[in-house]
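If you read the sequence shown in the UniProt record's numbering, its first letter stands for residue 1, the second for the next number, and so on.
Virtual Cβ for every residue (Gly too), placed ideally from N, Cα, C.
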Amino acid sequence: MQKLPEVKRFIKDTPDDPHASLYLPHVTINFKSGKPPVLIIYESEVEFERINLNTFTTDEIHELMKKKGFPKSGGNVLEEEDEEDCGGGDLGGEGECTAKPY
């Protein structure tokens, strides 16, 4: 994430600078060390689409979330996880990052 400050800013938001948490509970973030940031979108619990976020700015990620149908919900605190299987919907890196529009 050090080499991708715009993606890091989106994923590791703070109460004063919220980004990813604006999409909760529709998005969950799992951090996987050494994996590139990838948005994985699930439809009916089946992987539907993968988008590599390496070249995106923070604003472009917000636009992508809007385009993909993720509503902003206000923002909660994100918890860091390190699980092998992301499950129901997460945002982050290859195999770590999945999301489900509602």
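Assuming residue i and residue j are in contact, meaning their beta carbons sit under 8 Å apart, how far apart are those beta carbons, in whole angstroms?
| i | j | result |
| --- | --- | --- |
| tyrosine 23 | phenylalanine 70 | 5 Å |
If you reduce the DSSP assignment to three classes, tell me which class residue i lands in.
| i | result |
| --- | --- |
| aspartate 16 | coil |
| phenylalanine 10 | helix |
| glutamate 49 | strand |
| leucine 64 | helix |
| threonine 28 | strand |
| proline 5 | helix |
| serine 21 | helix |
Classify residue i as buried or exposed, calling it buried when 16 or more other Cβ atoms lie within 10 Å of its own Cβ.
| i | result |
| --- | --- |
| valine 7 | buried |
| valine 46 | exposed |
| threonine 28 | buried |
| proline 5 | exposed |
| serine 21 | buried |
| proline 37 | buried |
| aspartate 13 | buried |
| asparagine 54 | exposed |
Verify the contact flag: residue i, CB atom, against every heavy atom of the ligand NAP, threshold strictly below 7 Å.
| i | result |
| --- | --- |
| serine 44 | In the structure shown, the ligand NAP is absent, as is every other ligand, since no ligand is present at all. |
Would you kindly report the start and end of the unbroken beta strand (DSSP E) that includes residue i?
| i | result |
| --- | --- |
| glutamate 42 | Residue identity check: residue 42 is tyrosine in the sequence provided, not glutamate. 37 to 43 is the span of the beta strand (DSSP E), which, as asked, contains tyrosine 42. |
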